[in-house]
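Everything in the sequence shown is counted per my numbering, starting at 67 for the first residue and increasing by one.
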Amino acid sequence: MNNPFDDPEGTFHVLVNEEKQYSLWPAFVPAPAGWTAVLADATRQEALAHIEENWTDMRPKSLVEASRTA
């Protein structure tokens, strides 16, 4: 079986968690608890482009907020 995350012909969602971390997710797999779809039913390339455009700071939200108060 091939890895569904690498399927160039697959349909994907882009998920985000409370820490503002992003994930590429196969559309046929239910999103795990704590993750919300911010882009649905996209090609792999569209999903990766969305992640690249929007996830510009890899630090978790809590770390970003902690560094602002320090």
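Glycine residues also receive a C-beta, built at the ideal position from the N, C-alpha and C atoms.
- Exclusion of the five residues before and after Gly100 leaves Asn83 and Glu84 as the residues of its chain whose Cβ lies within less than 7 Å of its Cβ.
- Each of Pro70, Thr77 and Met124 was checked against the Cα of Glu112, and the nearest Cα belongs to Thr77.
- Pairing Ala103 with Phe94, the inter-Cα distance amounts to about 13 Å.
- Note that the C-beta distance between Leu105 and His116 is below 8 Å.
- Secondary structure of Asp107 (DSSP, three-state): strand.
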